[in-house]
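See below for the structure under consideration.
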Amino acid sequence: MNTLKKVKSALISVYHKDGLDEIITTLHEQGVKIYSTGGTKTFVESLNVPVTAVEDVTGYPSILGGRVKTLHPKVFGGILARRENAGDLDQLSEYEIPEIDLVIVDLYPFEATVASGAEHQAIIEKIDIGGISLIRGAAKNYKDVIIVPSKGQYADLLALLKEKNGESTLEDREQFARAAFAVSSHYDAAIFNYFDKDSGECLRQSYDDAKVLRYGENPHQKGIFYGKLDDMFDQLHGKEISYNNLLDIDAAVGLISDFQETTFAVMKHNNACGLASRPQLIDAWKDALAGDPVSAYGGILITNVEIDKATAEEINKIFFEVIIAPSYNAEALEILKQKKNRIILVQKETVLPAMLNRTLLNGVLAQERDTAVETPESLKVATATAPTTAEVEDLIFANKLVKHTKSNAIVLAKNKQLVASGVGQTSRVDALKQAIVKAGVFEFDLAGAVMASDAFFPFPDCVEIAHEAGVNAVIQPGGSVRDNLSVEYCNEHNMAMVLTGNRHFKH
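Residue 534, in the working numbering, is where the sequence shown stops; the numbers in between run on with no holes.
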């Protein structure tokens, strides 16, 4: 069976006209009969191209304020008729229904209308009915019809018209149909999510932008990112962002968002290996790096203020993969660009999704983003000794950090600097011991340091070990049936302990 089909007739009904003129003139040059409605018909006529009004085919005008224009058997019959089915062709002839070989349509901008903050009724009016029906009908009958469901496919259609003189293979038409169902399913998901309002009863997610990565977590795994990175970052320099880079970037963005003071963080494998808040950025960088200069090698750097020349000169002394900042001055950028593969990102103002989803077993696990950030006023002093003002600042600092550290996690901090952390341990005691050893390796004095834990202490062993290392104040969620044991130890040794009431597990 010959699967080649030449376009002889086209129905065009679009919301956006940009980029359509060359397609219309090319169709006209190839002798294609064009049907259209409303504003699209006027646009075609403005190009001095003959066009037949859909109303002249159906015998009905556009009604209900434009809600019904193309929903008619004389339109959909011409699209859905199976050209190899004699009965279908007989009915086309009997009811004087013209065959339609090409449908060009786009949909009302529902998502853009929602994003604009428009009123509910204005949003409802942007739920396309005729357009979505044309897309589904033409895509279903892809054996005989080409469907162009959005301006994103204009270039492919124009190439087919010019390079193949309007002839398409079954494979060509199937590819257009695939794109059509991607458009229609995305559109329906957006409408559902508007009405669903995060009820949690079911989940519909759709992403149009797929970026194929060099590989996944490891070279033998395929990796793809679905989403619009350009909405979050401008990449000013460097190689292609990898799968593992993205994981670290995500962790870095989440961490830095909890800090308002000038702060610098160094990330490695989704955890901070260095972090400091200082009045001057260059000092924040130096103290963040001092937290673990070994792990910083090949890491991800992030800050919440513009990077200046002096700081860039210091940063440039080490090897790192990615740097993220809200801006860079010209001299700093020139310095940082000296390494050709170094990824330099400008982070834009972006609202992150309120819900987090993770594929798990044969389904998806969803939860709200952990947006809880403790403040001095929210802390409950559990001990006879209250923390000093400086200790409270360090406790809040450490608690922000432990929230973004893989559980089980312990963070030791002093003077708004990450001294050491114990990360991803099966025992909280092991996490603390790991942190103490690491602090010793880099010659930090733990006298006067504070300790943050992502979860409660079931026994007093951690506060005992921390006290022996020099820690004076502790922050933890509380909630253990044995909280009193840790509190009693602190009281006996003049330590301060505050409770947050919020556990911050991160798995």
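Even glycine gets a Cβ: it sits at the ideal position worked out from N, Cα and C.
Spatial distance of residue i from residue j (CA atoms)
| i | j | result |
| --- | --- | --- |
| P487 | A381 | 36 Å |
| Y242 | S269 | 7 Å |
| G250 | A303 | 33 Å |
| K407 | A493 | 20 Å |
| V7 | G157 | The requested residue 7 does not occur in the structure, where the chain is confined to residues 28 to 534. |
| N192 | K364 | 47 Å |
| N75 | L116 | 32 Å |
| L422 | H264 | 37 Å |
| K255 | D236 | 6 Å |
| P414 | T398 | 25 Å |
| A482 | Q503 | 6 Å |
| P88 | F222 | 31 Å |
| R200 | V332 | 50 Å |
| I218 | F137 | 8 Å |
| L38 | A142 | 30 Å |
| R455 | I345 | 32 Å |
| L383 | G58 | 52 Å |
| F471 | M294 | 20 Å |
| A323 | A216 | 42 Å |
| Q262 | G86 | 55 Å |
| V175 | L134 | 11 Å |
| V239 | D183 | 20 Å |
| A479 | T453 | 17 Å |
| V132 | H43 | 9 Å |
| L439 | V468 | 14 Å |
| C300 | V429 | 12 Å |
| S73 | A149 | 29 Å |
| S212 | A139 | 17 Å |
| L360 | E418 | 37 Å |
| T386 | L392 | 6 Å |
Burial state of residue i (16 or more Cβ within 10 Å)
| i | result |
| --- | --- |
| L91 | exposed |
| Q232 | exposed |
| A436 | buried |
| H247 | exposed |
| C229 | exposed |
| H431 | buried |
| L473 | buried |
| N298 | buried |
| A357 | exposed |
| K441 | buried |
| R509 | exposed |
Collapsed DSSP secondary structure at residue i in the structure displayed
| i | result |
| --- | --- |
| L328 | strand |
| S513 | helix |
| E123 | coil |
| I251 | strand |
| A466 | helix |
| L372 | strand |
| F347 | strand |
| A145 | coil |
| N518 | helix |
| H264 | strand |
| S448 | strand |
| V429 | helix |
| K33 | strand |
| Y214 | helix |
| K68 | helix |
| I334 | strand |
| Q503 | strand |
| G390 | strand |
| I51 | helix |
Best match in the options for proximity to residue i [C-alpha to C-alpha]
| i | options | result |
| --- | --- | --- |
| I329 | V321, L372, I362 and S89 | L372 |
| S226 | I351, Q394, D133 and I159 | Q394 |
| I309 | G281, V332, S322 and T338 | T338 |
| K167 | V239, Y135 and L129 | L129 |
| E519 | L47, E491 and G505 | E491 |
| E126 | A139, L98, G93 and V84 | V84 |
| L98 | L473, R110, E82 and G66 | E82 |
| G505 | V498, C489 and L526 | L526 |
| E401 | A425, E56 and S513 | A425 |
| T290 | K367, A352, F252 and T453 | A352 |
| R94 | K44, T53, I159 and Y122 | I159 |
| A209 | F103, R163 and E244 | R163 |
| C517 | F532, V477, H55 and N529 | V477 |
8 Å contact criterion, which residue i and residue j should meet: CB distance rounded
| i | j | result |
| --- | --- | --- |
| A315 | A292 | 6 Å |
| K60 | S36 | 5 Å |
| N521 | T412 | 5 Å |
| K427 | D319 | That belief does not hold up - the Cβ atoms of K427 and D319 are roughly 18 Å apart, past 8 Å. |
| A500 | A523 | 4 Å |
| E348 | I362 | Incorrect: roughly 17 Å between the Cβ atoms, too far for contact. |
| K266 | I370 | 6 Å |
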